[in-house]
Each structure stands twice: as structure tokens, then as C-alpha cells.
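Have a look at the structure below, then the notes.
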Amino acid sequence: VLVIACEGMAALHLQHETGEIINRVNAFLGFNAIGRIRIVQKPVTVDKGRLKPSIRPLTAAEKVKLSGTVGMIEDDGLRASLERLGATILGQKKI
């Protein structure tokens with residue numbers, strides 16, 4: 152028995168799709184792991200997510216290295232995204 156918690160309208164939709172869900176899960180696992188589904192209607196809490204780690208400011212040398220690495224990229228949006236990614240990676244505290 153697979154127990155699934157969901158809210159109002161989602162429970163109705165889920166009830167109509169139980170046969171398909173059981174078939175797909177069992178096909179994915181390769182054996183009949185689920186015989187039936189029990190639906191529990193209750194408020195589902197949403198995970199607030201992890202806190203963002205604190206990122207230290209980059210040194211001048213790190214900024215120059217990062218700019219040189221992504222400087223040849225012609226697409227402005229892609230270059231800006233990669234600069235943000237690089238700054239995040241370089242700014243993380245090393246263990």
C-alpha cells in the first residue's frame with residue numbers, strides 16, 4: 152500500500168489516476184511493489200528550502216580570473232549568468 156497525502160482537488164485527480172500510477176511505479180521498479188494506493192486528505196506543508204550559504208566577496212585576483220574566463224562569451228545573458236555562477240562557486244567557504 153502506497154500512502155499519499157494531498158489536498159482537496161489533487162486528491163480527486165489522484166484518485167482517477169491511481170491505476171496508471173500503480174502501473175508506472177511497478178514498471179519502474181521492475182516488480183509489483185504497490186498493490187493499491189491509499190489517499191489521505193490533509194494540508195501539505197511546503198519545504199521552505201535550505202538557507203543560502205554566506206558567500207564571501209571575491210578578491211581582485213579572483214575577479215580578474217573570472218572575467219578572463221567568461222570574457223570571450225559573446226552572449227551577454229549567458230556571460231552574466233556564468234559570472235554569477237563563478238562568483239558563487241569561488242565565494243563559497245572551502246572546507
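All the letters of the sequence shown, read from the start, carry residue numbers 152 to 246 under the working numbering. Ideal Cβ positions, reconstructed from N, Cα and C, are used throughout, including at glycine. Predicted, not measured: the structure shown is a model, and the values here were computed from it.
**Report entry** Boundaries of the beta strand (DSSP E) in which residue 235 is found, first to last residue
**Finding:** Where residue 235 is concerned, there is no enclosing beta strand (DSSP E), although the alpha helix (DSSP H) it sits in stretches over 227-242.
Requested in this report: Since I believe residue 163 is in contact with residue 188 (beta carbons under 8 Å), could you give me their beta-carbon distance rounded to a whole number of angstroms?
Outcome: No, residue 188 and residue 163 are not in contact; Cβ-Cβ is about 13 Å, not under 8 Å.
Query raised in the report: In chain order, what residues of the same chain lie with their CB nearer than 7 Å to the CB of residue 160, ignoring the 5 residues before and after it?
Result: Excluding residues within five positions, none has a Cβ falling inside 7 Å.
Query raised in the report: From residue 209 to residue 196, what distance separates their C-alpha atoms?
Result: Straight-line spacing of the CA atoms in residue 209 and residue 196 works out to 37 Å.
Query raised in the report: Straight-line CA distance for residue 235 to residue 199?
Result: Going from the Cα of residue 235 to the Cα of residue 199 covers about 23 Å.
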